[in-house]
């Protein structure tokens, strides 16, 4: 599979150390399925040689966009380079990759459990389940309130969300598992 050159529309810090990037990539958005991932490079150079795998956080076929949600992990890393990308820049993206998730017709209730950045590849799953009128309960955890991600997007889907934080700053104290 060849890389598609995707134009960055936005790349903003949504929580300290966490970024959401939206790219124009109509040829990718029309092929996405819940649970798939992509490989993205922070530039068109050969350094770094390989792209970084990231779960596809969301997509919009009508707008031709894809989104990723990522955490910057240390200095001089691919994620740090990604955080410096500005709107208008063009990045090589290989996607969609992986088989994604499948749903059974008899499924009526589903429990989705995610912690921190783990919500990124699971958000499309929740969205797809809601579109099939399947009752979804999301157990979402993080070490502290500042690391809870995608709360507004999840709330917009109007399903039950149970929040857990290690320090008890939001929701129940403990782990979602």
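Residue numbers (this note's numbering): -6 to 170.
Just so it is clear, CB atoms sit at the ideal spot from N, CA and C, and this is done for glycine as well.
1) Tell me, please, which residues DSSP counts as bridged to residue 107.
2) Determine the contact status of residue 170 and residue 152, defining contact as a CB-CB distance below 8 angstroms.
3) Just how far apart, CA to CA, sit residue 43 and residue 109?
4) Do residue 85 and residue 137 have their C-beta atoms within less than 8 angstroms of each other?
5) Going by alpha carbons, who is nearest to residue 45 out of 142, 90, 155?
6) With DSSP run on the structure shown, which of helix, strand or coil describes residue 89?
7) Considering only residues of the same chain and omitting the five flanking positions on each side of residue 61, which have a CB-CB separation below 6 angstroms?
8) Nearest to residue 120 by CA position, among 135, 167, 96, 7, is which residue?
9) Say whether the region 16 to 25 touches the region 154 to 161, bearing in mind that this needs 3 or more beta-carbon pairs closer than 8 angstroms, one atom from each stretch.
10) For residue 88, is the classification buried or exposed, using 16 other Cβ atoms within 10 angstroms of its Cβ as the cut-off for buried?
This is what the structure holds:
1) Position 114 of the chain shown, counted from the start, is the residue given in the question as residue 107. Per DSSP, 133.
2) Counted from its first residue, the chain shown places residue 170 at position 177. Counted from its first residue, the chain shown places residue 152 at position 159. No, Cβ-Cβ distance for residue 170 and residue 152 is not below 8 angstroms.
3) As a first step, residue 43 must be located in the chain shown, where it is residue number 50. As a first step, residue 109 must be located in the chain shown, where it is residue number 116. About 25 angstroms.
4) Here the question's residue 85 lines up with position 92 in the chain shown. Here the question's residue 137 lines up with position 144 in the chain shown. No, the pair does not count as a contact, with Cβ atoms beyond the cut-off.
5) For this step, residue 45 is matched to residue 52 along the chain shown. Comparing Cα-Cα distances from residue 45 to each of 142, 90, 155, the minimum goes to 90.
6) Within the chain shown, numbered from 1, the residue matching residue 89 stands at position 96. Strand, per DSSP.
7) Walking along the chain shown from the start, residue 61 turns up at place 68. The answer, listed in chain order, is 14, 47, 50.
8) The residue given as residue 120 occupies position 127 in the chain shown. Check the Cα spacing between residue 120 and each of 135, 167, 96, 7: the tightest is with 96.
9) The region 16 to 25 is not in contact with the region 154 to 161.
10) Looking up residue 88 in the chain shown gives position 95. Flag for residue 88 reads buried.
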